Every structure is written in C-alpha cells, then in structure tokens.
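Trainee: My questions will all concern the structure given below.
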Amino acid sequence: MEKGADLIWMNGELVAWEDAKIHVLTHALHYGTGVFEGVRAYETDKGTAIFRHSDHVDRLFKSAEMYFMEVPFSKAEVAAATRELIVRNGLRSCYIRPVVYRGAGQMGLYPLNSPVEIFIAAWEWGAYLGDEGKAKGVRAKVSSWRRLPSSAVIPAAKATGQYLNSVLAKIEADKAGYEEGILLDDRGMVCEGTGENLFIVKEGRIATPGWSADILGGITRTSVIQIAEDLGYPVEVRDVARGELYLADEIFMTGTAAELTPIREIDDHPVADGKPGEITLQVQQAFEDALHGRSARYAEWLDLIEIPAQASAP
Ligand code: PPE
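Put into structure tokens, the structure is as follows:
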C-alpha cells in the first residue's frame with residue numbers, strides 16, 4: 010500500500026509508516042485471530058472530529074473479548090492514541106483502522122499463549138464505492154456466497170478471519186461486473202453487503218435485517234435508524250426476503266467506509282426508476298450533516314480532537 014501518513018501507532022508507540030512491521034509467525038496471519046474497526050474522522054467547523062468514537066472503541070473491545078483476547082491497553086488509552094495519531098499525522102479527515110490481534114508466540118490453533126498486540130493506522134480514504142456511486146447509486150448482485158452463520162463463527166464480532174467470506178463475495182461481484190455483492194444468511198434471508206448493512210424502503214416504510222440474520226451490528230446502521238426515525242420514518246428491524254429487494258422503492262447500504270450509498274440496480278433490475286429515492290437522499294443528507302458537524306442534534310456523536318496550539322501553527 011502507498012504511504013498514507015507519516016506515523017502508525019503500534020503497541021504504545023508511534024513508529025514510521027515504513028517501519029510498522031510484524032513477524033511472519035504472527036498468529037493472526039495464520040489463523041485469522043484478529044479483530045478490527047473502521048472509524049472515520051471528518052473536518053468540521055470546530056476542527057477534526059471522530060464519528061462515534063467511543064462506540065467504535067467499545068465494539069473493538071467487545072469483538073476482542075468474544076474471541077478471548079484481552080486488549081493490553083484501556084479503552085481510554087486506545088481512544089487517546091487515536092486522537093494523538095491524527096494530530097501527529099496532521100490529518101484533517103481520515104479513515105482509522107485499529108487492529109487487535111494475536112502476535113507471534115506459539116504456533117498451533119491454541120491461541121491463548123500468543124501475545125495480544127494492537128496497532129492503529131490512519132490515512133485519507135475517499136468514497137468507498139466511488140463518488141459517483143455515493144451520488145447516483147451502485148449496481149449490486151446477490152452473491153452465491155452466504156454470510157457466515159453464527160453456528161460457525163460470531164458474525165457480530167468484527168474479526169479479521171471472518172472477512173474471507175466478504176472477500177469471496179466481493180471478488181465474485183467484481184468479476185461479474187457489479188460494484189457490490191449482497192450476502193443472504195444461511196436461511197436465504199437478506200443479510201448485508203460485503204462491508205455494509207442494508208436497508209430497503211417500500212411505500213414510505215424502512216426495513217433492515219437484525220441480529221437474527223447474522224448481521225454485523227453496524228454503527229452507521231444504528232445512526233441511520235435514529236436519523237430516519239427522527240425524520241419521521243419508522244424503521245422495522247426484521248427479516249427481509251430476497252424478493253423484497255426487487256419490490257423495493259429504494260435500497261441503500263450503510264457503513265463507516267461506504268457511509269450511505271444508494272443501490273440503483275439489484276440483480277439487473279433497476280430499483281424503481283434507477284435513481285436514488287427521496288427518502289434515501291433525505292436520510293443521506295441528514296447523515297452527512299451529522300458526520301460533518303452541521304447538525305446540533307447529533308453533536309454528541311462527535312469526538313472533537315483538541316489540536317495543541319503549536320501543532321495548529323502554520
Ligand atoms: N457489515 C460488514 C460486514 C462490515 O464490514 C461493515 C463495516 C458494516 C456492516 C458496517 O458497520 P459500521 O462501519 O459500523 O457501520 N465495514 C468496514 C470495513 C470495510 C473495509 O473494506 O475494510 C468499514 O466500513 O469500515
């Protein structure tokens with residue numbers, strides 16, 4: 010990967026981007042024993058702000074705990090490290106990637122003798138599915154791969170190894186000429202995109218799959234549910250059948266990387282007239298306002314970074 014910033018925070022220290030290296034016998038590289046987050050910080054008129062920072066830190070720690078990893082720093086230390094990383098790199102808006110993982114210790118599946126390590130990287134990352142995708146919607150295809158079920162892993166944990174599932178679906182969608190793949194759960198109900206939750210709109214009512222569909226509990230999803238309800242659109246959290254995708258007036262996806270991205274075509278069927286719908290655009294606008302600090306109502310979602318006086322001087 011191209012250099013995205015000067016420094017990366019690794020196990021308590023800031024190191025040069027080029028020097029942030031790990032051993033080949035890192036347990037997580039062999040067995041996928043890592044958990045991670047995707048977080049974004051945005052420029053607001055009060056300075057740079059991390060969106061729902063404490064919720065991301067909480068989910069990181071919960072994901073780690075579900076796989077029996079004890080993070081060697083406190084939540085407050087991890088949050089402070091992220092803020093420091095942004096300041097020291099001089100980033101105004103960025104994507105932040107903390108990873109907690111089993112390092113090199115002992116080979117073999119028994120993980121508990123391998124040390125738990127952590128790093129946080131940050132870089133500038135534009136629209137995940139392209140600026141045009143975010144504005145006009147993307148073409149998506151239901152994947153032949155099913156979302157990995159809670160009978161096999163813990164879909165609610167954001168664990169690195171589990172992403173082989175998303176990687177297969179992403180490659181399949183791309184090779185078939187689509188921008189995103191939608192995974193069904195093991196019952197054949199709609200689950201989510203490879204890296205996004207999914208919402209449908211029908212006759213003014215919004216629906217999105219819940220825990221029973223083995224989703225990752227997206228922080229963007231929670232935010233968008235609240236925003237939609239505040240705008241007067243009740244959101245039903247329920248099973249969504251595949252056929253409802255073809256009947257929907259509007260479909261959109263949410264995620265930290267993807268933000269709110271409309272789907273304009275699903276399995277070669279245009280969604281309504283093939284343009285992002287009115288409710289999608291209204292919720293997207295309110296969400297963008299929240300992200301960029303333009304909304305007093307959701308100001309508590311922003312962790313404003315204090316830039317020390319000397320760092321803000323030209
Ligand atoms: N489902 C999956 C499978 C997923 O990976 C994400 C985030 C979401 C739902 C939405 O969660 P949230 O970000 O809390 O709203 N995917 C992250 C990784 C994307 C990547 O390519 O890497 C992200 O958006 O940061």
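Heads up: the sequence shown is residues 10 to 323, going by my numbering. C-beta atoms are modelled at their ideal positions from N, C-alpha and C, and glycine is treated no differently. Keep in mind the model is a prediction, meaning the values are calculated, not measured.
1. Could you tell me which of Asp276, Ile215, Trp220 sits nearest to Val292, measuring between CA atoms?
2. At a cut-off of 7 Å, is Ala267 close to the ligand PPE when judged by its beta-carbon and the heavy atoms of the ligand?
3. Three-state secondary structure (DSSP) at His36?
4. Can you grab the Cα-Cα spacing for the pair Ser153 / Glu181, in whole Å?
5. Can you confirm whether the region 227–235 touches the region 258–265 when touching is taken to mean that 3 or more C-beta pairs between the two stretches lie within less than 8 Å?
6. Would you check if the region 138–148 and the region 37–45 touch, i.e. whether three or more CB-CB distances between them fall below 8 Å?
7. Using C-beta distances below 8 Å, list every residue in its chain close to Ala322, excluding the 5 sequence neighbours before and after it, in chain order.
8. Can you give the Cα-Cα distance for Val147 and Glu189, rounded to whole angstroms?
9. To the nearest angstrom, report how far apart Val210 and Lys167 are at their CA atoms.
10. What I want to know is whether the C-beta of Ser152 ends up closer than 7 Å to one or more non-hydrogen atoms of the ligand NAD.
11. Any heavy atom of the ligand PPE closer than 7 Å to the beta-carbon of Asn122?
12. Give every residue of the same chain whose Cβ lies closer than 7 Å to the Cβ of Ala178, excluding the five residues on either side of it in the sequence, and list them in chain order.
13. Using CA coordinates, which residue listed in Pro285, Glu201, Met75, Ala130 is at the minimum distance from Val96?
14. By DSSP's criteria, Trp18 is part of a beta bridge. Which residues make up the other side?
15. How about Ala237 and Asp258: are their beta carbons less than 8 Å apart?
16. Below 8 Å CB to CB, which residues in the same chain sit around Leu16 once its five sequence neighbours on both sides are set aside?
17. Rounded C-beta distance between Ser72 and Val33? I'm assuming under 8 Å.
18. How would you write the range of the beta strand (DSSP E) that Asn206 sits in, first residue to last?
19. Can you find a heavy atom of the ligand PPE that lies under 7 Å from the Cβ of Ile228?
20. Give the secondary structure of Asp312 by DSSP, where H, G and I count as helix, E and B as strand, and everything else as coil.
21. Terminal residues of the continuous beta strand (DSSP E) containing Thr217?
22. Give me whichever residues DSSP pairs with Gly190 in a beta bridge.
23. Less than 8 Å separating the beta-carbons of Trp132 and Tyr104?
24. Using CA coordinates, which residue listed in His62, Leu100, Val48, Glu11 is at the minimum distance from Ile316?
25. Determine the burial state of Trp220: buried for a count of at least 16 other Cβ atoms within 10 Å of its Cβ, exposed for fewer.
26. Less than 8 Å separating the beta-carbons of Arg156 and Glu201?
27. Would you tell me roughly how many angstroms separate the C-alpha atoms of Tyr119 and Met75, rounded to the nearest one?
28. When DSSP labels each residue in this structure, what does Glu93 get in the three-state scheme?
Mentor: So, to answer that:
1. Ile215
2. yes
3. helix
4. 8 Å
5. yes
6. no
7. At Ala322 the pLDDT is 47, less than 50, meaning the model places this residue with poor confidence; the figure from the coordinates comes in the next sentence. Result list for Ala322: empty, nothing under 8 Å.
8. 7 Å
9. 27 Å
10. The ligand NAD is not part of this structure, which contains only the ligand PPE.
11. no
12. Ser152, Trp154, Gly190, Leu192, Thr203
13. Ala130
14. Leu23, Ile129
15. no
16. Leu23, Val24, Ala25, Trp26, Leu94, Arg97, Asn98
17. With 8 Å as the limit, Ser72 and Val33 do not qualify as a contact, their Cβ atoms being about 24 Å apart.
18. 206–211
19. yes
20. strand
21. 214–217
22. Lys150
23. yes
24. Leu100
25. exposed
26. yes
27. 15 Å
28. helix
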